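J.: In UniProt numbering, the protein residues as written are 1 to 421.
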Amino acid sequence: MQNTLSVPFQSFLVQLKRTWDRSCKDEEGSSISVAELCVGLQYLMEKADEEREHRRIPRANILRDPFVLINLRHFCMFAHGAYSDTVTDICSKTPLVESDIVQFQPVSKQEQPAYFLAVDHFTKNIVLSICGTKSFQDVLTDVTVETTEFLDGYGPKGMVAAVYWLQSQVMFTIIDETSKYPSYGLVFVGHSLGGAVATLMSLLVRKTYGIPVICYSYAPPPCVCSSFVPLTKEFGVITVILDTDLIPRFNPKSLDLLVVELRTLDWQQVYFRKSELHSKLFGVAVNYLGEETTNQLSQQISNYLRKGLRKGSQQVLELGKNTLLSKLGDDEKIKNISKWQKRVTDISRSYWYHCELSTKEMQPLQLAGNIWHIQREGNQYFGVQSDQGEYWNKIEPSRQMLQDHRISQIEWALQHMQLED
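1. Looking at the structure shown, is S386 part of a helix, part of a strand, or coil, going by DSSP?
2. Provide the residue span of the alpha helix (DSSP H) that contains D176, from first to last.
3. If I measure Cβ to Cβ from L419 and keep anything under 7 Å in the same chain, skipping five residues before and after, which residues do I get?
4. Could you work out which residue in Y391, P364, H416, Q105 is closest to R376 when comparing CA atoms only?
5. What residues are listed by DSSP as bridge partners for E149?
6. Using a Cβ-Cβ cut-off of 6 Å (strictly less than) and excluding sequence neighbours within five positions of Q112, which residues of its own chain qualify?
7. Just the Cα atoms here: how many angstroms apart are D89 and E98?
8. Applying the 10 Å Cβ sphere with the 16-neighbour rule, what's the burial state of F379?
9. How far does the alpha helix (DSSP H) with L200 in it extend, from its first residue to its last?
10. What residues in its chain sit with their C-beta under 6 Å from that of E396, if we drop five residues either side in the sequence?
11. If you measure between the beta carbons of P156 and C223, is that distance less than 7 Å?
12. Taking its Cβ as the centre, do 16 or more other Cβ atoms sit within 10 Å of S226, making it buried, or is it exposed?
13. Beta-carbon within less than 7 Å of G153's beta-carbon, same chain only, minus the 5 sequence neighbours each way: which residues are those?
14. What first and last residue would you give for the alpha helix (DSSP H) that runs through D89?
15. So L258 and L16 are in contact, right, with Cβ under 8 Å, and what is the actual spacing, rounded?
16. Can you tell me whether E411 is buried or exposed? The criterion is at least 16 other CB atoms within 10 Å of its CB, across all chains shown.
17. Starting from the Cα of A48, find the closest Cα among M401, L414, A368 and give me that residue.
18. Please determine, among K207, E177, R406, the residue with the shortest C-alpha to C-alpha distance to V102.
19. Please identify the residue among V107, Q110, G132, D100 whose C-alpha is closest to the C-alpha of N125.
20. Name, in chain order, the residues that DSSP records as bridge partners for D120.
21. Just to confirm the assignment, what range does the alpha helix (DSSP H) spanning F78 have?
22. Between the C-alpha atoms of R399 and N393, what's the straight-line distance to the nearest angstrom?
23. Compute the Euclidean distance between the alpha carbons of Q388 and L44, then round it to the nearest angstrom.
24. Report the three-state DSSP secondary structure of T232 (helix, strand or coil).
25. Apart from the five residues just before and just after G185, which ones in its own chain have a Cβ nearer than 6 Å to its Cβ?
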């Protein structure tokens with residue numbers, strides 16, 4: 001994942017705008033632009049990150065078992081390895097040697113994820129590692145499309161299709177390898193959409209073949225119906241989430257709650273009482289203008305002011321104009337940024353159109369299994385055992401919420417995670 005000044009963040013803003021427009025469609029004057037949402041969200045991020053700097057994690061549920069931590073670290077390497085293009089690359093990311101890899105599909109296609117199947121002699125397991133999507137935009141799309149029947153419940157349509165495709169590709173080999181190594185266990189791992197597919201695949205194998213499977217799912221989106229949650233705990237699904245990661249919290253309910261928070265935002269506080277913060281956020285928002293030209297940006301500020309700020313409005317408006325001039329300077333720079341804006345706008349339009357066509361009424365989904373939430377406390381990381389509560393139906397605005405989704409970031413955090421004495 002890229003940083004927040006990027007097309008992935010733009011994709012999230014587009015989804016957020018769709019939710020806003022849907023929830024406010026009958027209210028006159030409730031229209032909002034992506035630029036406005038960007039500024040509001042940046043403010044919430046700033047505020048939440050300041051609060052998290054002083055966070056003290058309750059000690060009761062912090063991970064103490066070194067064996068659990070070793071396994072979380074070990075299989076995270078396998079999840080990372082699924083993003084490899086060659087067998088050599090897999091071996092550079094994992095403790096495997098080339099002869100350990102039994103089957104390898106390096107190319108992902110629609111509903112056909114890349115994967116590799118290997119014999120892990122270190123832990124005495126046969127491991128199937130499933131690649132997540134390499135596009136953040138695809139994650140958002142797959143999480144919000146329709147559900148379909150799966151076993152005796154339901155799951156996300158694209159992920160269920162991927163599970164049945166993987167079944168046709170690997171089950172014969174898995175059964176063959178288990179006969180060669182009868183004392184070895186079976187482990188499925190994956191990151192992001194790959195983690196969700198690994199979770200559903202483990203349910204399929206347990207319920208259809210009766211083969212015990214342990215699953216390590218890193219940063220997955222919600223992917224199981226409520227009736228499957230107890231089974232995933234019983235069957236040994238372990239979900240790992242890094243701090244403020246957006247994707248495990250990304251669902252219709254969490255988007256609705258975020259829209260409510262943005263709609264009740266005190267714009268007067270943002271744009272008048274904290275003029276320095278306004279200048280900072282305004283500078284960030286210029287990266288997400290889309291259709292807005294530099295002249296229209298001044299009009300956007302006027303829109304903010306009409307939402308509640310009266311006293312001092314002229315000073316704030318002038319501050320915004322001066323910030324814009326300082327950031328864009330000369331005509332050539334404006335032209336270059338306008339070209340970039342058009343490209344981002346075209347991507348957003350295409351993405352939005354795709355969502356409008358493909359999104360159906362989606363049944364609620366939840367995270368699976370036993371959840372380990374890796375939380376920051378200052379410069380340290382701790383693993384906290386979490387339940388399936390409403391906490392995961394609320395997006396935590398943070399400047400790290402996209403970076404926390406990266407498999408490399410999760411792996412780094414696990415390597416530096418502290419055990420509570």
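Glycine included, every Cβ here is placed at the ideal spot set by N, Cα and C. For clarity, every value in this text was computed on a predicted model and none was experimentally measured.
T.: Here's the rundown:
1. strand
2. Annotation: the continuous alpha helix (DSSP H) that includes D176 extends over 157–180.
3. L63, R64, P66, L69
4. If we check each option's Cα against that of R376, H416 comes out closest.
5. Y154
6. The beta carbon of Q112 is closer than 6 Å to those of W165 in its chain, skipping five residues each way along the sequence.
7. 10 Å
8. The sequence as given places Asn at residue 379; Phe does not occur at that position. N379 should be labelled exposed.
9. 193–209
10. T244
11. Between P156 and C223, the CB-CB gap stays under 7 Å.
12. exposed
13. C225, S227, F228
14. 87–93
15. Contact flag correct, Cβ pair sits at about 7 Å.
16. buried
17. The closest CA to that of A48, considering only M401, L414, A368, is found on M401.
18. Of the listed residues, the one whose Cα sits closest to V102 is E177.
19. D100
20. N125
21. Looking at the DSSP string, the run of the alpha helix (DSSP H) that includes F78 is 66–81.
22. 19 Å
23. 25 Å
24. helix
25. N125
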